[in-house]
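Undergrad:
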Amino acid sequence: MVAAHEHFIQRLQTLQQSTLLELQGRVTAMGGLIVEADDFCAPVGARCEIRTRHGDSQPAEVIGFRGRAAVLMPLSDGLGISRGDYVNCISTSMTVPAGEHLLGRIINAHGEPIDGKGPLLCQVRRNVHAERLGALARTRIDRPLPTGVRCIDGLTTVGAGQRMGIFSGPGVGKSVLLGMIARFTAADVAVIGLIGERGREVREFIERDLGEEGLRRSVVIVSTSDEPAPLRVQAGFMAATVAEFFRDRGSDVLLLVDSVTRIAMAQRQIGLAMGEPPATKGYTPSVFALLPRLIERCGRNVHGSITGFYTVLVEGDDLSEPVSDAMRSILDGHLWLSRELANRGHYPAIDVLESISRVMVDVADDKHQEAARKLIRLTAVYRDIADLVNIGAYAEGGNAEFDLAVRARDIINQFLQQDVNEVVTYEQTLTQLAELTASLQAMSESMGRVNQVNGSAKYGPKTGNSSRSNSANISRIGADRARIGI
Numbered sequence: 002m003v004a005a006h007e008h009f010i011q012r013l014q015t016l017q018q019s020t021l022l023e024l025q026g027r028v029t030a031m032g033g034l035i036v037e038a039d040d041f042c043a044p045v046g047a048r049c050e051i052r053t054r055h056g057d058s059q060p061a062e063v064i065g066f067r068g069r070a071a072v073l074m075p076l077s078d079g080l081g082i083s084r085g086d087y088v089n090c091i092s093t094s095m096t097v098p099a100g101e102h103l104l105g106r107i108i109n110a111h112g113e114p115i116d117g118k119g120p121l122l123c124q125v126r127r128n129v130h131a132e133r134l135g136a137l138a139r140t141r142i143d144r145p146l147p148t149g150v151r152c153i154d155g156l157t158t159v160g161a162g163q164r165m166g167i168f169s170g171p172g173v174g175k176s177v178l179l180g181m182i183a184r185f186t187a188a189d190v191a192v193i194g195l196i197g198e199r200g201r202e203v204r205e206f207i208e209r210d211l212g213e214e215g216l217r218r219s220v221v222i223v224s225t226s227d228e229p230a231p232l233r234v235q236a237g238f239m240a241a242t243v244a245e246f247f248r249d250r251g252s253d254v255l256l257l258v259d260s261v262t263r264i265a266m267a268q269r270q271i272g273l274a275m276g277e278p279p280a281t282k283g284y285t286p287s288v289f290a291l292l293p294r295l296i297e298r299c300g301r302n303v304h305g306s307i308t309g310f311y312t313v314l315v316e317g318d319d320l321s322e323p324v325s326d327a328m329r330s331i332l333d334g335h336l337w338l339s340r341e342l343a344n345r346g347h348y349p350a351i352d353v354l355e356s357i358s359r360v361m362v363d364v365a366d367d368k369h370q371e372a373a374r375k376l377i378r379l380t381a382v383y384r385d386i387a388d389l390v391n392i393g394a395y396a397e398g399g400n401a402e403f404d405l406a407v408r409a410r411d412i413i414n415q416f417l418q419q420d421v422n423e424v425v426t427y428e429q430t431l432t433q434l435a436e437l438t439a440s441l442q443a444m445s446e447s448m449g450r451v452n453q454v455n456g457s458a459k460y461g462p463k464t465g466n467s468s469r470s471n472s473a474n475i476s477r478i479g480a481d482r483a484r485i486g487i
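Following the numbering used here, the numbering of the sequence shown begins with 2 at its first residue and continues without gaps.
#1: Ala-38 and Ala-71 look like a contact to me (Cβ under 8 Å); what is the Cβ gap, rounded to whole Å?
#2: Where does Leu-121 fall in DSSP's three states?
#3: Given Phe-247, which residues of its chain have a CB within under 6 Å of its CB, disregarding the five upstream and five downstream residues?
#4: Buried or exposed: Leu-291, going by 16 or more other Cβ atoms within 10 Å of its Cβ?
#5: Ser-58 and Ile-64 - do their beta-carbons sit closer together than 8 Å?
#6: To which residues of the same chain is Leu-417 closer than 6 Å at the C-beta, ignoring the five residues directly before and after it?
#7: Could you tell me which of Val-424, Ile-413, Glu-446 sits nearest to Leu-434, measuring between CA atoms?
#8: Classify Lys-175 as buried or exposed, calling it buried when 16 or more other Cβ atoms lie within 10 Å of its own Cβ.
#9: Sorry if obvious, but does the Cβ on Asn-422 come closer than 7 Å to a heavy atom of the ligand SAH?
#10: Using DSSP with H/G/I as helix, E/B as strand and the rest coil, what is Leu-255?
#11: Just tell me which of Asn-302, Ala-381, Asn-344 has its CA closest to the CA of Ile-142.
#12: Rounded to the nearest angstrom, what separates Val-1 and Ala-267 at their Cα positions?
#13: Which residue's Cα is closest to the Cα of Arg-427: Thr-285, Arg-217, Met-275, Ile-182?
#14: Check this for me: beta carbons of Ala-265 and Leu-34, under 8 Å apart or not?
#15: What does the alpha-carbon distance come out to for the pair Met-361 and Gln-25?
#16: Go through the stretch 71 to 155 residue by residue and report every complete run of the beta strand (DSSP E) that reaches 3 residues or more, in order.
#17: Which residues in the same chain have their Cβ closer than 7 Å to the Cβ of Glu-277, if we skip the five residues on either side of it in sequence?
#18: Would you mind giving the Cβ-Cβ distance between Arg-106 and Val-220, rounded to the nearest angstrom? I have them listed as a contact below 8 Å.
#19: Are the CB atoms of Phe-185 and Leu-195 within a distance shorter than 8 Å?
#20: Report the rounded CA-to-CA distance for Gly-300 versus Gly-81, giving the unit in angstroms.
#21: Indicate the three-state DSSP secondary structure (helix, strand or coil) for Phe-310 in the structure shown.
#22: Rounded C-beta distance between Ala-188 and Thr-308? I'm assuming under 8 Å.
#23: Specify, as a first and last residue, the run of the beta strand (DSSP E) that His-335 falls within.
#24: Which residue spans inside the stretch 218 to 306 form an unbroken beta strand (DSSP E) run of at least 3?
#25: Three-state secondary structure (DSSP) at Thr-354?
#26: Decide yes or no for the touch test of the stretch 152 to 172 against the stretch 118 to 131: beta carbon pairs closer than 8 Å, at least 3 of them.
#27: Rounded to whole angstroms, what's the CA-CA distance from Val-421 to Val-177? Just pull it up for me.
#28: Whole angstroms is fine: what's the gap from Trp-337's alpha carbon to Ala-401's?
#29: Can you tell me which residues form a DSSP beta bridge with Cys-49?
#30: What three-state label does DSSP hand Glu-397 in the structure shown?
#31: By the 10 Å Cβ neighbour count, where 16 or more other Cβ atoms means buried, how is Asp-352 classified, buried or exposed?
#32: Where does Glu-316 land, buried or exposed, given buried means 16+ other C-beta within 10 angstroms?
#33: How should Ile-193 be labelled, buried or exposed, when 16 other C-beta atoms within 10 angstroms of its C-beta is the threshold for buried?
#34: Using the C-alpha atoms, what's the distance from Pro-293 back to Ser-330?
#35: Give the range of the beta strand (DSSP E) segment to which Ile-167 is assigned.
#36: Within a Cβ cutoff of 7 Å, which residues of the same chain sit near Phe-41, ignoring the five residues on either side of it in sequence?
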């Protein structure tokens, strides 16, 4: 009975979103990416069709107003539109089909299936720009959501309802990482938005990275780079809307959006077409207003959760780039994919020193956090002396922590790396992390016993040759790097 009542309410909302009064205007001007229609009273975001004198129709979306004219952006190439063509309003808001039948399907930004598996059997549609969760309607994030990737689960643990960013330059492996997360995650449903991608990469991601098993419990929304800007922006919100449907049904949903940068570029294109003043690197103010509205669609309520992973393309590997900088301030943590690690064959190329999860302290126990901090610290220590080790100038015995970082480097790297097809559960990750911590402790104690047998206190405060040698080498290398501009 409750299910029937809920279904009735959703059908009523769908009817309310339809256009009950016919709205019509005529094309008066067209320039660049926009069309102006005089005396057209449709609201911003309304879906329209432009009927050309050749008898065909072209979809468009209202993006603003100029005086008495409504400004539309065609959702096609715009060829064939001429002055005086009629404009009809189809719907005052964009909706997307919602239902269990979406699982395993691939749809475009119009909400239409593109996978050749027949029509969607969803009888309910949801508003793409639905109201977001209120601040006090969100429940606290207090439990982890395993991703199946050992490096993430062990050192930057993600909570159910968290928003994480994946920052990288092109070609560093973010799509493969997203595919691993979608296949191995403990979430009930994965909603994947492939936005602004090259058409060739869509099939590659679905068949190679996601796979048949991952697709079975996923919904994929596709808007390629050759589609109009409104469709690319719309696809991002469609992915969030579909995720909200499954969350409200009590599921833990994983939302993967690749990439937010393409959405920001599409919104910049719309803003410039409307005459917005460009700001940093040409991004308009509406871009930075849109990003929080998109990201805040994630979260956890009393029914379920949406955990978001958003990829951010970093131009020139520069994290101070406008979109990257804005996203870091909105998200609950980020993963940085290092090109240097990728070039070394280290996969996944996650730089643990540049990555952080802001909710790890709420979802991981004290023993887990202590072990993660120890690994991260040893990684940082090794990075400080990496130049000395690489040129053979490091002298062992000057600092116990330095020596431990050098000796433990290989086993730490084994923990941080993972094969694309290797499935690691959250429990296995914690077990392996505990075993690694115990090995490091045993290694440290063994080094201490050797020093005691040798009658040496070489790891205490001293001014021995090795300590002075390492200090001098570090100073010399620092001066050399500064002189050549590294």
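Yeah, the Cβ is synthetic: ideal placement off N, Cα and C, and Gly gets one too.
TA: This is what the structure gives:
#1: About 5 Å; that satisfies the 8 Å criterion.
#2: In the structure shown, Leu-121 sits in coil (DSSP, three-state: anything other than H, G, I, E or B).
#3: So the list reads Val-190, Val-254, once near-sequence residues are dropped.
#4: Leu-291 is classed as buried because its beta carbon has at least 16 other beta carbons within 10 Å across all chains shown.
#5: It is not a contact, given that the beta carbons lie outside the stated cut-off.
#6: Cβ contact annotation for Leu-417 (same chain, cutoff 6 Å, sequence separation greater than five): Cys-152, in chain order.
#7: If we check each option's Cα against that of Leu-434, Ile-413 comes out closest.
#8: Result: buried.
#9: Ligands in the displayed structure: none, and consequently the ligand SAH is not present.
#10: The three-state secondary structure of Leu-255, taken from DSSP, is strand.
#11: It is Asn-302 whose Cα lies nearest to the Cα of Ile-142.
#12: Lying before the first or after the last residue shown, residue 1 is absent from the chain, which here runs from 2 to 487.
#13: In the sequence on display, residue 427 carries Tyr and not Arg. When Thr-285, Arg-217, Met-275, Ile-182 are compared, the shortest CA-CA separation from Tyr-427 is found for Ile-182.
#14: Taking 8 Å as the Cβ cut-off, Ala-265 and Leu-34 do not qualify as a contacting pair.
#15: Whole-angstrom Cα-Cα distance: 54 Å.
#16: Annotation note: the stretch 71 to 155 contains the following uninterrupted beta strand (DSSP E) runs of length 3 or greater, listed N- to C-terminal: 87 to 92, 96 to 99, 106 to 109, 125 to 128.
#17: Taken in chain order, the residues that qualify are Thr-285, Pro-286, Ser-287.
#18: About 6 Å separates the two Cβ atoms, so the contact holds.
#19: Cβ atoms of Leu-195 and Phe-185: not closer than 8 Å.
#20: So the two alpha carbons sit approximately 44 Å from each other.
#21: Residue state, collapsed to three classes: strand.
#22: Confirmed, about 7 Å.
#23: His-335 -> beta strand (DSSP E) spans 334 to 337.
#24: Fully enclosed beta strand (DSSP E) runs of 3 or longer: 219 to 225, 253 to 259.
#25: According to the sequence shown, residue 354 is Leu rather than Thr. Three-state DSSP puts Leu-354 in coil, outside helix and strand.
#26: Contact between the stretch 152 to 172 and the stretch 118 to 131 is absent: fewer than 3 CB-CB pairs across the two stretches fall below 8 Å.
#27: Roughly 8 Å between the two C-alpha positions.
#28: C-alpha separation (whole angstroms): 29 Å.
#29: Its beta-bridge partners are Ala-61, Cys-90.
#30: It is coil, neither helix nor strand.
#31: Looking at its Cβ environment, which holds 16 or more other Cβ atoms inside 10 Å, Asp-352 is buried.
#32: Counting other Cβ atoms within 10 Å of its Cβ, Glu-316 stays below 16 and is therefore classed as exposed.
#33: Per the 10 Å Cβ criterion, buried.
#34: Going from the Cα of Ser-330 to the Cα of Pro-293 covers about 10 Å.
#35: Start and end: 164 to 169.
#36: Cβ neighbours of Phe-41 beyond the five flanking positions: Leu-24, Gly-26, Ala-71, Val-88.
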